[in-house]
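Q: Under the working numbering, the sequence shown has 1484 at position 47, and the numbering climbs by one with no breaks.
Where is the CB? At the ideal position from N, CA and C, for every residue including glycine.
A quick note: this is a predicted structure, and the numbers were derived from the prediction, not measured.
Following this message is one structure expressed as structure tokens.
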Amino acid sequence: MDKNLKRKSPEAEQQEEEEEGKEGKLEKEEQEHTLFQQKKLKTVHPTPPSTQNQSKSVVELDKSKPSLLIKQKPIELCEVSNQIKKNLVAVTEELESYRSSILELSPSQNNLIACLVHESDRTLPELTKYVHSKLLPQSKLLIDEDAEKPFVVESSINQVAKRVNYAPSQAELDWLPSSLPKGFQIWRWECNEQDTAIPYDLKDISQKRWAERQLIKPQALAILSGLSSSEREALIKKLNPIKRKGKTNTDTPAATPIRPSKESKPKTPNPSQEIKSSTQNSPTTPKPNQSHRAGSKETGEKVLTEKELIKQQKELKRKEKEEVKLAQERQKQKMGNLLSGWITKATPTNKNTQASTSSNAKATSQSEGIEITAWFKNGIKQPVDKASMSDFERTFKPFNLKPNVQLAPINRFRPPGGSNTNNQQSPGTTALTPKGKIPFSVVAIKTIAFSSLTILLLSLLLLFG
């Protein structure tokens, strides 16, 4: 026990420490060697810097349109986060509980609007409509009926968020035009206070996307500045016509478009004639300072002629439609005239005189002609009192007979031999009308009724059998 309790000499302690250090170094080297081998198995060849830059690129230039294409598409946070959905339901219930119109929104409601607006590429009126569609009580979100006061939602959007354009402008690149088309404008709405408005589960994603959006402008500037002179000229030519079209309507004076429009209304001349007249009226030797103005006037006249052509086409289409309607109405009138009656005014043929065996044949002479109804006599319309007209004459009005058409006999159902006597009647016939028109026999009426009943019975059997 005493030997073990004795202290070791300093030399022995140094030797032990050196041995322990050597063993530790060997163990460390072995561990490093194993880790190095594992890394060799797991490692993949690193990508070159060019491919890394391509993977991080956010913007591309489309030279055909021209426009700037963005890989990062705007997202709606209310469709991604469950917390925003819950807040939306709570806010809608709260707004529905209000009875009076809402003049201001609470901070929680403003935070919800900030989440709905964040990363949107819409304009302000479109965005207000979108927020109104999400918030149910739309009628309560209006202020008074004054037109000067804005909507509550619109004012809250301007308070909560701001609209940022990430596209390059003329200040960054001198050769770009001042007014760029929509393809070269990259607008995004962003919250003023993202830490408080955006929920916790979406903060990291929103910050990463915001950092990506910060790369849009420098990358677009690098792409545009890297273009050659010929590519720049082609791009400027594609961008400038859009600018000129917008300026022709504003820069041209108000007197120039009025004159051709007044002259074209009564005569509606062709665009080539208008261009010729404008060239004749213009001075033969224009000054060099007025060349740009003359070009703008010519473009304005061309635009006017195109508008007039469109108006002329619309008028022609309208006239064609009216003509078609008139033709249809005329056809309907013709069909109505053909089907309006079955008695016409015409001179009798030999066949008709032989076939017609009415009781009043002797009363009508050749000099008087045929009196078909009380309205016509000798082909001339006669004034007749409506009280003296029969029901038959009121319903069946006269009409003109076609030249190649024969009129049917007046009384087809009268038995033969009954036309010789004036007042003689067969036992199976009824008395004639006061003016001797269309007497029908009782037998004929019975046969017609029997045939109609048989047809009805057959049709019922076919339907239900």
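1. For N1602, name the three-state secondary structure that DSSP assigns.
2. Within 10 Å of its beta-carbon, does W1626 have 16 or more other beta-carbons around it, so buried, or fewer, so exposed?
3. In its own chain, which residues sit with a C-beta less than 7 Å from the C-beta of I1512, not counting the 5 before and 5 after it?
4. For P1605, count neighbouring C-beta atoms within 10 Å of its own C-beta (all shown protein chains included) and say buried if the count is 16 or more, exposed if not.
5. For S1593 versus L1549, is the C-beta distance shorter than 7 Å?
6. Identify the continuous beta strand (DSSP E) that holds E1531 and give its terminal residues.
7. Looking only at its chain, what residues have a beta carbon closer than 8 Å to the beta carbon of L1506, apart from the 5 residues adjacent to it on each side?
8. Along the chain, where does the alpha helix (DSSP H) that runs through R1559 open and close?
9. Quick check: the Cα distance between K1734 and L1676, rounded to an integer number of angstroms?
10. Taking the Cβ atom as the reference point for each residue, do S1551 and A1634 lie within a distance shorter than 7 Å?
11. Helix, strand or coil, according to DSSP, for S1504 in the structure here?
12. Which value, in whole angstroms, describes the spacing of the CA atoms of S1793 and V1761?
13. Taking the beta carbon of N1524 as the centre, do at least 16 other beta carbons fall within 10 Å, making it buried, or is it exposed?
14. Just the Cα atoms here: how many angstroms apart are V1517 and C1628?
15. Quick one: grab the DSSP three-state call for D1641.
16. Between the Cα of P1618 and the Cα atoms of L1561, P1503, F1829, which residue gives the shortest distance?
17. Do you know whose CA, among R1600, Y1535, S1889, lies nearest L1423's CA?
18. From L1572 to E1531, what does the alpha carbon distance come to, in whole angstroms?
19. Which value, in whole angstroms, describes the spacing of the CA atoms of E1757 and N1774?
20. Ends of the beta strand (DSSP E) at E1627?
21. Report the rounded CA-to-CA distance for E1454 versus E1469, giving the unit in angstroms.
22. Express the C-alpha separation of H1569 and K1645 in angstroms, rounding to a whole number.
23. Among the candidates L1844, L1898, V1597, D1828, whose CA atom is the shortest distance from the CA of L1561?
24. Give me, in chain order, the residues of the same chain whose beta-carbon lies closer than 8 Å to that of N1841; leave out the 5 immediate sequence neighbours on both sides.
25. Would the beta-carbon of V1589 fall within 7 Å of that of I1653?
26. With respect to the alpha helix (DSSP H) encompassing V1590, which residues constitute its N-terminal and C-terminal limits?
A: Answer, in terms of the structure:
1. Numbered from 1 along the sequence shown, position 165 holds the residue referred to as residue 1602. The answer is strand: DSSP assigns N1602 an E or B state.
2. Within the sequence shown, numbered from 1, the residue matching residue 1626 stands at position 189. Label assigned to W1626: buried.
3. Numbered from its first residue, the sequence shown carries residue 1512 at position 75. Around I1512: E1556.
4. Walking along the sequence shown from the start, residue 1605 turns up at place 168. Classification of P1605: buried, given that the 10 Å Cβ count is 16 or more.
5. Position 156 of the sequence shown holds residue 1593. Position 112 of the sequence shown holds residue 1549. Annotated as distal: S1593 and L1549, with beta-carbon spacing of 7 Å or more.
6. Residue mapping note: residue 1531 aligns to position 94 of the sequence shown, counting from 1. No beta strand (DSSP E) contains E1531, which is instead part of the alpha helix (DSSP H) from 1519 to 1534.
7. The sequence position of residue 1506 within the sequence shown is 69, counting from 1. These residues qualify, in order along the chain: V1496, E1497, L1498, D1499.
8. The residue labelled residue 1559 in the question sits at position 122 within the sequence shown. From DSSP, R1559 is part of no alpha helix (DSSP H); its letter is neither H nor E.
9. Here residue 1734 is taken as the residue at index 297 of the sequence shown, counted from 1. Here residue 1676 is taken as the residue at index 239 of the sequence shown, counted from 1. Below a pLDDT of 50, predicted positions are generally treated as unreliable, and K1734, at 48, falls in that range; no measurement from the model is reported.
10. On the sequence shown, position 114 is the one that residue 1551 refers to. On the sequence shown, position 197 is the one that residue 1634 refers to. The question names Ser, but residue 1551 in the sequence shown is Ala. Contact: yes.
11. One-based indexing of the sequence shown puts residue 1504 at position 67. Looking at S1504 - three-state DSSP - the assignment turns out to be strand.
12. Counting from 1 along the sequence shown, the entry for residue 1793 is found at position 356. Counting from 1 along the sequence shown, the entry for residue 1761 is found at position 324. Low confidence applies to S1793: its pLDDT is 47, below 50, so where it sits in the model is not reliable enough to give any reading.
13. As a position in the sequence shown, residue 1524 is number 87, starting the count at 1. That one is buried.
14. Within the sequence shown, residue 1517 is the residue found at index 80, counting from 1. Within the sequence shown, residue 1628 is the residue found at index 191, counting from 1. Straight-line Cα distance between these residues: approximately 17 Å.
15. For the purposes of this step, residue 1641 is identified with residue 204 of the sequence shown, where counting begins at 1. Reduced to three states, the DSSP call for D1641 is helix.
16. Your numbering for residue 1618 matches position 181 in the sequence shown. Of the listed residues, the one whose Cα sits closest to P1618 is P1503.
17. This structure gives no information on residue 1423, because the portion of the chain shown stretches from 1438 to 1902.
18. Locating residue 1572 in the sequence shown gives position 135, counting from the first residue. Locating residue 1531 in the sequence shown gives position 94, counting from the first residue. Approximately 10 Å between the Cα atoms of the pair.
19. In the sequence shown, the residue the question calls residue 1757 occupies position 320. In the sequence shown, the residue the question calls residue 1774 occupies position 337. Spanning the two alpha carbons is a distance of roughly 26 Å.
20. As a first step, residue 1627 must be located in the sequence shown, where it is residue number 190. 1624 to 1628 is the span of the beta strand (DSSP E), which, as asked, contains E1627.
21. What you label residue 1454 is simply residue 17 of the sequence shown in a count that begins at 1. What you label residue 1469 is simply residue 32 of the sequence shown in a count that begins at 1. Going by the C-alpha atoms only, they are around 22 Å apart.
22. Position 208 of the sequence shown, counted from the start, is the residue given in the question as residue 1645. Position 132 of the sequence shown, counted from the start, is the residue given in the question as residue 1569. Near 29 Å, if we compare the C-alpha coordinates of H1569 and K1645.
23. The residue labelled residue 1561 in the question sits at position 124 within the sequence shown. Of the candidates L1844, L1898, V1597, D1828, the one whose C-alpha sits nearest the C-alpha of L1561 is V1597.
24. Working through the sequence shown from its first residue, we reach residue 1841 at position 404. Excluding sequence positions up to five before and after N1841, its CB lies less than 8 Å from no other CB in the same chain.
25. Here residue 1589 refers to the residue found at position 152 when the sequence shown is read from its first residue. Here residue 1653 refers to the residue found at position 216 when the sequence shown is read from its first residue. Contact: no.
26. Within the sequence shown, the letter at position 153 stands for residue 1590. Here the alpha helix (DSSP H) through V1590 covers 1589 to 1597.
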